[in-house]
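Since the structure comes first, as structure tokens, the remarks are kept for the end.
Protein chains: 2
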Amino acid sequence: MGMSDLLDRLRGRGWRLTAQRRVVAEVLDGDHVHYTADEVHAKAAELLPEISRATVYNTLGEMVSLGEVLEVSTDGRAKRYDPNAHHAHQHLVCSRCGTIRDVHPSGDLLAGLPAEQRFGFQVSAVEVTYRGLCPGCAAG
Amino acid sequence: MGMSDLLDRLRGRGWRLTAQRRVVAEVLDGDHVHYTADEVHAKAAELLPEISRATVYNTLGEMVSLGEVLEVSTDGRAKRYDPNAHHAHQHLVCSRCGTIRDVHPSGDLLAGLPAEQRFGFQVSAVEVTYRGLCPGCAAG
DNA sequence: TCTTGACTTGGACAAAGTCCAATGTAGGAT
DNA sequence: ATCCTACATTGGACTTTGTCCAAGTCAAGA
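This is the structure in structure tokens:
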């Protein structure tokens, strides 16, 4: 599931494979932490010092449009980019310690919103965050 | 459920009742759309032309601390303020323009998470964000 | 009505992101 | 292998969203 897949797909769409794009993909392919655009830029600049912020923003935006990377805005601050975009997953968050687990709810989540509650929107996606106490916090 | 309740509570906490705060509360008391801080400022300025942005930001922040208003950050853009903080509801967000509506999905949302997906958590709440294009953006 | 501490103001500042004209270059064409 | 050119990159100006602060203003209790 490395980013070389992503690079192949990009090339397959007629995208030019530039050093900048390669480096951004490499950064995203690293840890399973979700970086902000500026963090991606900083890390990319370690590999390719002259890369510009604009290019990082462009490239991230392109990957998001491609559906290869997920844009996550958790707190109203900078968006973060989640390279693990292939399997839809939701989050289970501990209200006390903040631990996050990925979960896979059952059923069609979109179906829960009746037509008369859609107000003319073309609804296409749904994000769910479950909250509660993790085993450790519930015990303590 | 008007904002006069809110104003009473604010006064009860020893908060000064100023024209600015009254006007911000009035704006929030409108329909079930959630405004950004700048939108609140624009609407407040129709009622009280000289109100400053700083005051609107301060007042919204105060209401959020009070728990009377919910701060919602759905995209990486401006936060939106949800005056309907007392009743459980979910959100329907336009992917293009960021407009938010309150919605009330059917069924038990918590039930969608099977026991084997709870990892020992005591799950007690769920937040759902539906995304799609609003009628205006879909047309344009 | 006076006083005072809390509130408001406008502007400077900062962070996150977009836009654009000029420049550079990947990759197909020759 | 080299040339072309359409597409990518760059840096800086600009926008949006939000914070901070010193100075002025005012709500409300004494």
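Top line first, the protein sequences correspond to chains A and B.
For what it's worth, my numbering labels the leading residue of the first sequence as 909, then goes sequentially.
For what it's worth, my numbering labels the leading residue of the second sequence as 909, then goes sequentially.
Backbone N, C-alpha and C define an ideal beta-carbon position, used for all residues, glycine too.
By the DSSP assignment, the beta strand (DSSP E) with residue 1016/B in it spans what residues? Residue numbering aside, residue 1016/B sits at position 108 when the second sequence is read from its first letter. Here residue 1016/B belongs to no beta strand (DSSP E), and DSSP marks it neither H nor E.
Sequence-distant residues of the same chain with beta carbon closer than 6 Å to residue 1000/A, five excluded per side: Translated into the one-based positions of the first sequence, residue 1000/A becomes position 92. These residues qualify, in order along the chain: 1009, 1011 and 1038.
Using alpha carbons as the reference points, say which of 1006/B, 972/B, 916/B and 949/B lies closest to residue 963/B. Residue mapping note: residue 963/B aligns to position 55 of the second sequence, counting from 1. Checking every option, the nearest Cα to that of residue 963/B belongs to 949/B.
Interface positions of the stretch 1007 to 1020 of chain A facing chain B (Cβ-Cβ less than 7 Å), listed along the chain: Against chain B - using a Cβ distance shorter than 7 Å - the residues of the stretch 1007 to 1020 of chain A are 1009, 1011, 1012, 1013, 1014, 1015, 1017 and 1020.
Please state whether the Cβ-Cβ distance between residue 1044/B and residue 1029/A is less than 8 Å. One-based indexing of the second sequence puts residue 1044/B at position 136. One-based indexing of the first sequence puts residue 1029/A at position 121. No.
Looking only at its own chain, which residues have a Cβ that is under 7 Å from the Cβ of residue 1013/B, when we skip the five neighbours before and after it? One-based indexing of the second sequence puts residue 1013/B at position 105. So the list reads 998 and 1036, once near-sequence residues are dropped.
Is residue 1025/A close to chain B, meaning its C-beta is less than 8 Å from at least one C-beta of that chain? Taking the first residue of the first sequence as position 1, residue 1025/A is located at position 117. Yes, contact with chain B.
Considering only residues of the same chain and omitting the five flanking positions on each side of residue 1034/B, which have a CB-CB separation below 6 Å? As a first step, residue 1034/B is located in the second sequence; it is residue number 126 there, counting from the start. Cβ within range, chain order: 1017 and 1018.
Sheet register partners of residue 1030/B (DSSP bridge): As a position in the second sequence, residue 1030/B is number 122, starting the count at 1. For residue 1030/B, which the question treats as bridged, DSSP gives the partners 1041/A.
What did DSSP end up calling residue 967/A once you bin it into helix, strand or coil? In the first sequence, the residue the question calls residue 967/A occupies position 59. Assignment of residue 967/A by DSSP, reduced to helix, strand and coil, places it in the helix class.
Taking residue 999/B as part of the beta strand (DSSP E), name the residues at either end of that continuous run. Residue 999/B sits at position 91 when you count from the first residue of the second sequence. Here the beta strand (DSSP E) through residue 999/B covers 998 to 1002.
Between the C-alpha atoms of residue 931/B and residue 993/B, what's the straight-line distance to the nearest angstrom? As a first step, residue 931/B is located in the second sequence; it is residue number 23 there, counting from the start. As a first step, residue 993/B is located in the second sequence; it is residue number 85 there, counting from the start. The alpha-carbon separation between residue 931/B and residue 993/B amounts to approximately 19 Å.
Proximity below 8 Å, CB of residue 914/B to CB of residue 933/B: Locating residue 914/B in the second sequence gives position 6, counting from the first residue. Locating residue 933/B in the second sequence gives position 25, counting from the first residue. Yes; because the gap between Cβ atoms is below 8 Å, this pair is in contact.
Just mark residue 927/B as buried or exposed, buried being the case when its beta carbon has 16 or more other beta carbons within 10 Å. Within the second sequence, the letter at position 19 stands for residue 927/B. By the neighbour-count rule (16 or more Cβ atoms within 10 Å), residue 927/B is not buried but exposed.
Would residue 984/B pass as a contact of residue 981/A if the rule is Cβ separation under 8 Å? As a working note, residue 984/B is residue 76 in the second sequence. As a working note, residue 981/A is residue 73 in the first sequence. For residue 984/B and residue 981/A, yes; Cβs fall inside 8 Å.
Contacting positions in the stretch 939 to 954 of chain B - beta carbon closer than 9 Å to chain A: Residues passing the 9 Å Cβ filter: none.
On the DSSP bridge assignment, give the partners of residue 1008/B in chain order. Here residue 1008/B corresponds to residue number 100 of the second sequence, with the count starting at 1. For residue 1008/B, DSSP records a beta bridge to 1001/B.
Might you give, ordered along the chain, the residues of its own chain that have their beta carbon closer than 8 Å to the beta carbon of residue 972/A, omitting 5 neighbours on each side? The residue you call residue 972/A lines up with position 64 of the first sequence. Spatial neighbours of residue 972/A in its own chain (CB-CB distance under 8 Å, excluding positions within 5 residues in sequence) are listed in chain order as 978, 979 and 989.
What residue from 958/A, 1026/A, 1046/A and 957/A has the CA that sits closest to residue 1027/B's CA? On the second sequence, residue 1027/B is found 119 positions in, with the first residue counted as 1. If we check each option's Cα against that of residue 1027/B, 1046/A comes out closest.
Residue 947/A versus 987/A, 958/A and 1031/A, residue with shortest Cα-Cα distance: Translated into positions along the first sequence, residue 947/A becomes position 39. The residue among 987/A, 958/A and 1031/A with its C-alpha nearest the C-alpha of residue 947/A is 987/A.
Which chain A residues sit within Cβ distance under 7 Å of residue 1038/B? Position 130 of the second sequence, counted from the start, is the residue given in the question as residue 1038/B. What residue 1038/B touches in chain A: 1021, 1031 and 1034.
Return the CA-CA distance between residue 919/A and residue 925/A, expressed in angstroms with no decimal places. Counting from one through the first sequence, the residue named residue 919/A turns up at place 11. Counting from one through the first sequence, the residue named residue 925/A turns up at place 17. Going from the Cα of residue 919/A to the Cα of residue 925/A covers about 7 Å.
Beta-carbon proximity list for residue 967/A, same chain, < 6 Å, skipping 5 on both sides: In the first sequence, residue 967/A corresponds to position 59, counting from 1. Contacts found: 929 and 932.
Per DSSP, what are the beta-bridge partners of residue 979/B in this structure? Indexing the second sequence from 1 puts residue 979/B at position 71. Its beta-bridge partners are 989/B.
Report buried or exposed for residue 942/A, applying the criterion of at least 16 other Cβ atoms within 10 angstroms of its Cβ. Taking the first sequence and counting its residues from 1, one reaches residue 942/A at position 34. Under this definition residue 942/A is a buried residue.
Determine the DSSP secondary structure at residue 1035/A, reduced to helix, strand or coil. Along the first sequence, read from residue 1 onward, the residue named residue 1035/A stands at position 127. If DSSP states are grouped into helix, strand and coil, residue 1035/A belongs with the strands.
Taking C-alpha atoms, which residue in 937/B, 974/B and 969/B lies nearest to residue 917/B? Working through the second sequence from its first residue, we reach residue 917/B at position 9. Residue 974/B is the option with its Cα nearest to residue 917/B.
Given a threshold of 16 other Cβ atoms within 10 Å of its Cβ, counted over all protein chains shown, does residue 976/A qualify as buried or as exposed? As a position in the first sequence, residue 976/A is number 68, starting the count at 1. Burial state of residue 976/A is buried, judged by a 10 Å Cβ sphere holding 16 or more other Cβ atoms.
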